[in-house]
Amino acid sequence: MKKSLLILVMVLMGTAGYAQRLGSADDGLDLVVLSMELDGPAMASMEMKQELDLTDEQYLMVDKLNKSRYQQLQQVEASFSHDALSRAREFRSVQRQNDESLRSVLTAQQLLKYQKLEGRLDAHLITEHEE
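Numbering-wise, the sequence shown is residues -21 to -1, 1 to 110 according to mature numbering (1 follows the signal peptide of the UniProt record, and there is no 0).
Laid out in structure tokens, this is it:
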């Protein structure tokens, strides 16, 4: 019994040690972001430029969209701070508007990659069917 417990502890320690050495694919971007003083929209735009390989023209448009989206999200947060259901609906509405705007800026491949970045793999990219 003691041997089994000792082996289990050693395996768990080895697994934890190995996980500590694993690097993330965007460690370089993280270092750049941490070395700068960026606000939310600028950080989102920088990540999108890096991850989606945006052209300079696309970057300028995406940067404007991100600034607008963050401003809208702040307004929603302030307006619906005591009503979680309404706040969630408004957040989805802002997301739908942003998706529609991005649709005219990004290529289909970039849209799919954006969806993965946002963690919406199981959702429709353009969420016009949500209510």
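Note that the Cβ used here is the ideal one computed from N, Cα and C, for glycine as well.
Span of the alpha helix (DSSP H), counted from its first residue to its last, around residue i
i	result
MET22	19 to 31
VAL84	Neither: VAL84 is in no alpha helix (DSSP H) and is coded neither H nor E.
ASP35	35 to 58
Residue i vs residue j beta-carbon contact at 9 Å
i	j	result
VAL84	MET22	no
LYS92	GLU30	yes
LEU20	ARG66	Correcting the residue identity first, residue 20 is Pro in this sequence and not Leu. Result no, Cβ atoms of PRO20 and ARG66 do not sit closer than 9 Å.
SER58	TYR38	no
Secondary structure of residue i, DSSP reduced to three states
i	result
MET(-12)	helix
ASP62	coil
GLN74	helix
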